[in-house]
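Written below as structure tokens is the structure these notes are about.
2 protein chains.
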Amino acid sequence: MKSVIIGQSGGPTAAINATLAGAISEARRLGAERIYGMIGGIQGFSAGKYVDLDEHIQSDRDIKILMQTPASALGSCRCKLPKPEEEPEIYRDIFERLNALDISCFVYIGGNDSMDTIAKLSEYGESCGSDIRFVGAPKTVDNDLAVTDHTPGFGSAAKYIAASVKEIICDSSVYDIKSITVIEIMGRNAGWLTASAALAQGADCGGVDLIYLPERAFDLEKCVSSVRELLDKKDTVVIAVSEALRNENGEYICSSGGVHAGLDAFGHKIMSGTGQFLAQYLGKALDVKARGIEISTLQRSAAHLASAQDIEEAASAGAAAVRAAAEGRTAEMSVIRRIADGDDYKYTIDTADIKSIANAEKTVPDEWIINDGTYVSEDFIRYARPLIMGEPDIIYENGLPVHIKIK
Amino acid sequence: MKSVIIGQSGGPTAAINATLAGAISEARRLGAERIYGMIGGIQGFSAGKYVDLDEHIQSDRDIKILMQTPASALGSCRCKLPKPEEEPEIYRDIFERLNALDISCFVYIGGNDSMDTIAKLSEYGESCGSDIRFVGAPKTVDNDLAVTDHTPGFGSAAKYIAASVKEIICDSSVYDIKSITVIEIMGRNAGWLTASAALAQGADCGGVDLIYLPERAFDLEKCVSSVRELLDKKDTVVIAVSEALRNENGEYICSSGGVHAGLDAFGHKIMSGTGQFLAQYLGKALDVKARGIEISTLQRSAAHLASAQDIEEAASAGAAAVRAAAEGRTAEMSVIRRIADGDDYKYTIDTADIKSIANAEKTVPDEWIINDGTYVSEDFIRYARPLIMGEPDIIYENGLPVHIKIK
Chain X
11 MKSVIIGQSG GPTAAINATL AGAISEARRL GAERIYGMIG GIQGFSAGKY
61 VDLDEHIQSD RDIKILMQTP ASALGSCRCK LPKPEEEPEI YRDIFERLNA
111 LDISCFVYIG GNDSMDTIAK LSEYGESCGS DIRFVGAPKT VDNDLAVTDH
161 TPGFGSAAKY IAASVKEIIC DSSVYDIKSI TVIEIMGRNA GWLTASAALA
211 QGADCGGVDL IYLPERAFDL EKCVSSVREL LDKKDTVVIA VSEALRNENG
261 EYICSSGGVH AGLDAFGHKI MSGTGQFLAQ YLGKALDVKA RGIEISTLQR
311 SAAHLASAQD IEEAASAGAA AVRAAAEGRT AEMSVIRRIA DGDDYKYTID
361 TADIKSIANA EKTVPDEWII NDGTYVSEDF IRYARPLIMG EPDIIYENGL
411 PVHIKIK
Chain V
11 MKSVIIGQSG GPTAAINATL AGAISEARRL GAERIYGMIG GIQGFSAGKY
61 VDLDEHIQSD RDIKILMQTP ASALGSCRCK LPKPEEEPEI YRDIFERLNA
111 LDISCFVYIG GNDSMDTIAK LSEYGESCGS DIRFVGAPKT VDNDLAVTDH
161 TPGFGSAAKY IAASVKEIIC DSSVYDIKSI TVIEIMGRNA GWLTASAALA
211 QGADCGGVDL IYLPERAFDL EKCVSSVREL LDKKDTVVIA VSEALRNENG
261 EYICSSGGVH AGLDAFGHKI MSGTGQFLAQ YLGKALDVKA RGIEISTLQR
311 SAAHLASAQD IEEAASAGAA AVRAAAEGRT AEMSVIRRIA DGDDYKYTID
361 TADIKSIANA EKTVPDEWII NDGTYVSEDF IRYARPLIMG EPDIIYENGL
411 PVHIKIK
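Residue numbers (the numbering used here), protein chains in the order written: chain X, 11 to 417; chain V, 11 to 417.
Take a look at the structure:
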């Protein structure tokens, strides 16, 4: 096998470096000449930025630390390549660089846009008779990629969210007074992460009371009534909301363009979060103590509470991508197939045509959203629970998880 | 030993239940007749709310799960008792209830206000010849209690903050663009938690660039200059700020009463956080992408990433309080004395007169705040590092840490 180059693209997750680690290990096993990493994705590579990963990742301990490092150790970019016929010089330049490094396998770890990059590079490669194989490995906390059962990165974020929600429920119920807590969770179009708040419920935790996903139009006054009813029966109401709730007209219920936005000290519309806004609104409408908690970027980079299942699958997906390229396949992405569910959960890694994945988006199935759009069904729990199982054995130094620093 | 009653008071921490567990175990070891828990602190107990802890906490596993449960398992209150001479009937009622349960030892776990409760109850007890012993055990994430070297709860919150800051730094530096991240941390008067962001720095992490504590007046324009200078040298600037920064006139730089507060959809002043405000301000002033991250209540209840050192000390402090009462002492609080520092850190538990603790407040020493109020010294690191060491072996079920449910 000639040399391999690996890149990371799009937003951070707790598992994207596990996929990098899996790809490195598999490339070594297959006898790759050298293993390179693009710095800053395809954008950085186009500007000549790359590293020799054989220098940076040597021992088994390096691999282990890489796997527990959150966000993209190689850096990332948000870059959609133009069509090859529109700006062929960009492609000529990239292929020159790849040939100069004697690359036969190009692995790109990312979400929708990254798979579009793989599709275009392989298309161009085919058109000019290149034998470089272009393969993708899936990554996104949002879990919105098509074809794959779920996406590496989601399980760890879901575990962190569910664990944090359990802790917030403990925290919010200590006083003997009425209160509302609104927890804002990531996911602009797909509600997978927000739905994960439902995993908190169990023998030791009553769970959240209401869950609002971006898949459904949000009705503010209906929400006020639901919370009022709950407060008649219990002291503490905890609500999970997507960061991007929209009303039936498609307008965000807050944030800069939102219909309820306020003005800041500069006279500009406030970029306050949905959770903060909703907490204020409910608190005033119902005259009850209310607070908003935004789990924020913590949820996508909390490698210290990663899911062992997710990390294992992330590494396997990276390895499978390299293997596919070594077998001569191109324009494919590794995908996870669920072959058994529940306590007997089993998965296998397969590959699929990149065109079926690029630019598609998978949202929470309509029938999994229940109670008039205020909760998720047992089907969701059955789907998500296996993905948050297990805790990796994290290496700590000076009281903190150790990370790797490459770029 | 006759019966023991234990209460929890004030805001949640990740370690307050470890103190409860330590008190229960020690009371059992000393042969206490029965062990009760007040529900909702002294306020709930005054209304007749308590449980038999021998029913709720039986096995070693129960103790272990109690120790990993965040927030007050017995519920809490924020209640300052009136002076005994002002409303003696409240005290008469409490003592009647205590005598009915045959209590000889009253343990109250809490912060400043809770120690004031202990001081008043023991004063009243002495005045009426009661032989009930009243002792306190310290608790607060804020670490602002006097006399004790540090306070149980602080170490775990500091560990979570430092680990999260490391993850945020990974997350914020993936793109090859200029950006500012402002992390808002708890602590209205004392900057101990905000200072803990400094613990993130190490061989694998550049750390935060600026730290602003509430102990110093905050100068917004000076902050803009500092960030501008940093952005000339590096892409990613990360700042840790206390939730309660005030300018030289003592006005909060944002929040409801703040000088820069905006108006919300109701025309009321916005309760936006310091971090969010500062991110918006810096982003606009310097024309750079900026975001605010509020670690929020997550930091005080993140038992999943507790410090083993903190949890051990918390349990010891609870045990010491019971022991002090058993030895006939009253109006005392268990305190932690540091007897060796650095890698050889050692502590011992002692007790101190409650009057030296109640209503006092300990802030970060002036000489530990350096670089013109924008960072903390090595003295702080030496002080705080031992307190975040070690990770408890957490029991997980269904992918999540298990908690105990008492009330």
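Note that beta-carbon positions come from the ideal geometry of N, C-alpha and C, so glycine has one too.
Keep in mind the model is a prediction, meaning the values are calculated, not measured.
C-alpha distance - V:A210 paired with X:A31, whole-angstrom precision: Those two C-alpha atoms are separated by around 24 Å.
Runs of beta strand (DSSP E) lying entirely within the stretch 316-362 of chain X, each at least 3 residues, in chain order: Taking 3 residues as the shortest admissible run, the stretch 316-362 of chain X contains the following complete beta strand (DSSP E) segments, listed from N- to C-terminal end: 342-350.
Chain V contact for X:G352 (CB, 8 Å cutoff): It does not: the Cβ of X:G352 has no partner Cβ on chain V nearer than 8 Å.
Three-state secondary structure assigned by DSSP to X:I280: A caution first: X:I280 carries a pLDDT of 47, below 50, which makes its placement in the model too unreliable to give a value.
CB contact below 8 Å: V:N408 versus chain X: So, interface residue.
Separation of X:K232 from V:A83, as counted between CA atoms: When rounded, the distance between both Cα atoms is 33 Å.
Where X:A28 sits in the DSSP three-state scheme: Note: X:A28 maps to helix in three-state DSSP.
Under 7 Å from the C-beta of X:V184: neighbouring residues of chain V: Those within 7 Å of X:V184 in chain V are P22, A81, S82, G85 and S86.
Continuous alpha helix (DSSP H) assignments of at least 4 residues falling wholly in the stretch 23-111 of chain X: 26-39, 51-56, 63-66, 70-77 and 98-110, all fully within the stretch 23-111 of chain X.
Residue closest to X:T373, alpha-carbon to alpha-carbon, out of X:K365, X:S140, X:V386 and X:F116: Comparing Cα-Cα distances from X:T373 to each of X:K365, X:S140, X:V386 and X:F116, the minimum goes to X:V386.
Start-to-end residues for the alpha helix (DSSP H) that takes in X:I171: Where X:I171 is concerned, the enclosing alpha helix (DSSP H) stretches over F164 to S182.
Buried versus exposed, by CB contacts within 10 Å (16 or more), X:P375: X:P375 comes out exposed.
Check whether X:R44 and X:D72 have beta carbons under 8 Å apart: Not closer than 8 Å, so no.
Proximity test, Cβ basis, 8 Å: X:G2 and chain V: As shown, chain X starts at 11 and ends at 417. That puts residue 2 of chain X outside it, with no answer to give.
7 Å Cβ shell around V:I49 - same chain, five flanking residues per side excluded: Same-chain partners within the cutoff: K59, Y60, V61, L84, G85 and K417.
Below-8 Å beta-carbon distance, V:I398 vs any chain X residue: V:I398 counts as touching chain X.
Chain X within 8 Å of V:K169, Cβ atoms only: Yes, contact with chain X.
Local Cβ density within 10 Å of X:D126, reported as buried at 16 or more and exposed below that: By the Cβ neighbour-count rule, X:D126 is buried, with 16 or more other Cβ atoms within 10 Å of its own.
Partners in chain V for X:V117, counting only beta-carbon separations shorter than 8 Å: Residues of chain V passing the Cβ test: none, with the nearest at roughly 18 Å.
Identity of the residue in V:A25, V:A33, V:A208 and V:D70 nearest V:D392 by Cα: What sits at residue 392 of chain V in the sequence shown is Arg, not Asp. Closest in alpha carbon position to V:R392, among V:A25, V:A33, V:A208 and V:D70, is V:A208.
8 Å Cβ cut-off: residues of chain X touching V:K176: Here the neighbours are L410, P411 and H413.
Minimum Cβ-Cβ distance from V:C215 to chain X less than 8 Å: Yes - at least one Cβ of chain X is within 8 Å of the one on V:C215.
Check whether X:P411 and X:I321 have beta carbons under 8 Å apart: No. Outside cutoff.
Distance between V:E258 and V:D360 (C-alpha atoms, nearest Å): Between V:D360 and V:E258, the C-alpha separation is close to 39 Å.
CB contact flag (V:S189, V:A300, <8 Å): Between V:S189 and V:A300, the CB-CB gap stays under 8 Å.
Alpha helix (DSSP H) segment containing V:L131, residue limits: Note, V:L131: alpha helix (DSSP H), N122 to S137.
Alpha-carbon to alpha-carbon, V:N109 and X:F287: Roughly 49 Å between the two C-alpha positions.
Spatial neighbours of V:V269 in its chain, beta-carbon cut-off 6 Å, leaving aside the 5 residues before and after: Reliability of the predicted coordinates at V:V269 is poor, the pLDDT of 47 falling under 50, and no value is obtained from them.
Contacts of V:L203 in chain X (Cβ-Cβ under 7 Å): Per Cβ cutoff of 7 Å: no residues; V:L203 is ~15 Å from chain X at best.
Cβ of V:S311 within 8 Å of any chain X Cβ: Taking Cβ atoms only, chain X reaches closer than 8 Å to V:S311, which makes this a yes.
X:A271 versus V:L255 - alpha carbon distance: Per-residue confidence for X:A271 stands at a pLDDT of 47, beneath the threshold of 50, marking its modelled position as unreliable; no derived number is given.
Contact check, X:D214 vs V:P22, beta carbons under 8 Å: Contact check for X:D214 against V:P22 fails: the beta carbons are separated by 8 Å or more.
Three-state secondary structure assigned by DSSP to X:T158: In this structure, X:T158 counts as coil in the three-state DSSP scheme.
DSSP state of V:A271 mapped onto helix, strand, coil: Residue placement at V:A271 is poorly supported in this model, since its pLDDT is 47, which falls under 50; the coordinates still yield a value, given next. It is coil, neither helix nor strand.
Member of V:A33, V:N27 and V:Q18 whose CA lies at the smallest distance from the CA of V:F333: In the sequence as presented, Phe is not what sits at residue 333 of chain V; that position holds Arg. Closest by alpha carbon: V:A33.
Beta-carbon proximity check, V:R198 vs V:P162, cutoff 8 Å: No, these two residues do not count as a Cβ contact at 8 Å.
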